Amino acid sequence: MTTTAVPRPGHVDIMYAVVTAEALDRDDPLPEGLEPLLRRNGASEELMAMWRERPHAQVLVQVAPLAGAGEAHVQMRSAAFSLAAEHDGLVVDLALPRLLEPPTGAVRLEYADAWVLVHYDVASRGVLGTRGLESFGLPELCVKVPEGAEAAMVGAVTSGLTHRLLTEWPHVDPVGPAVVTLRDIAYGLGDPQADTIGTERRVRVEMGYDDVAHELDVTLLDNPAVLFR
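Per the working numbering, residue 505 is the first one in the sequence shown, and the count goes up by one each step.
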């Protein structure tokens, strides 16, 4: 781990697919082996059944400058949802990949769990990982689970941290100390009442950039249980 600043790519690639029962203007091929990945990344049986009933796809691609990556993601996802609504389709975020349910309100960058997955499948090794930050030009996280801490609490802190990263990058380099508040976590988990939650409860974290693995290594300096007492 180093204290080197995170490298900034010049642009990010944004890719969505709208799958429909009937072909639209064009019928684009999708990557092989998507179905097991969609299941792994949270798709319900109902969504998977709808996916299988929609064999045609139109892929939406955009190359966006890093400085406008967040706004470009919001606009592209909103456009994909609009196209899907017009044609009884489903939206796939191809970067994760993940089947997306239509939002109940406007698409918001602040709701980090809508953009970034927290993976618990490495929790047995004492860490949690993320997938999705790379499509915003950021390294993925490798979060160390403190001894005695519950993985679910560390996962909540990870969601709060991804909220901060998505809303502050690339204006703020993430390397170094930071705090994650209960409000950050609420935003990260998509709570529509997040702006009413206080910021007094917080945990300190330290982030370092691993330039070999291209990851942000995250160490919690406080027990995350203090957030939920």
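Each residue gets a CB set at the ideal place from its N, CA and C atoms; glycine is no exception.
Fair warning: this is a prediction, and the values are worked out from it, not measured in the lab.
Residue i, DSSP secondary structure in three states
i: THR634; result: strand
i: THR703; result: coil
i: PRO728; result: helix
i: TYR615; result: coil
i: ARG558; result: coil
i: HIS675; result: coil
i: GLN697; result: coil
i: ARG708; result: strand
i: PRO540; result: helix
Buried versus exposed, by CB contacts within 10 Å (16 or more), residue i
i: GLU672; result: exposed
i: ALA717; result: exposed
i: GLY574; result: buried
i: GLU719; result: buried
i: PRO601; result: buried
i: SER586; result: exposed
i: THR506; result: Low per-residue confidence applies at THR506: pLDDT is 48, beneath 50, and the placement is therefore not dependable enough to give any value.
i: GLY664; result: buried
i: GLU536; result: exposed
i: ALA757; result: This structure cannot settle anything about residue 757, because the visible part of the chain is limited to 505 through 733.
Sequence-distant residues of its chain with Cβ nearer than 7 Å to residue i (five each side left out)
i: ASP726; result: VAL707 and ARG708
i: GLY633; result: HIS623, VAL626, GLU644, LEU645 and CYS646
i: ASP677; result: ALA509 and VAL510
Contact test: residue i Cβ vs the ligand NAP heavy atom, cutoff 7 Å
i: SER628; result: By its list of ligands, the structure shown contains no ligand whatsoever, and the ligand NAP lies outside what it can speak to.
Whole-angstrom C-beta distance between residue j and residue i, which should lie under 8 Å
i: PRO513; j: GLY641; result: 5 Å
i: HIS675; j: GLY692; result: That belief does not hold up - the Cβ atoms of HIS675 and GLY692 are roughly 19 Å apart, past 8 Å.
i: LEU604; j: TRP555; result: Incorrect: roughly 11 Å between the Cβ atoms, too far for contact.
i: PRO728; j: ALA653; result: 6 Å
i: VAL516; j: LEU570; result: 6 Å
Residues near residue i by beta carbon distance below 6 Å, same chain, minus five either side
i: ARG705; result: LEU686 and LEU731
Taking one C-beta from the stretch 560-567 and one from the stretch 506-524 each time, how about it: are there three or more such pairs within less than 8 Å?
-> yes
Determine, using beta-carbon pairs with one atom in the stretch 653-662 and one in the stretch 614-626, whether at least three such pairs fall under 8 Å.
-> yes
Cβ pair count under 8 Å reaching 3, the stretch 578-585 against the stretch 548-560 = no
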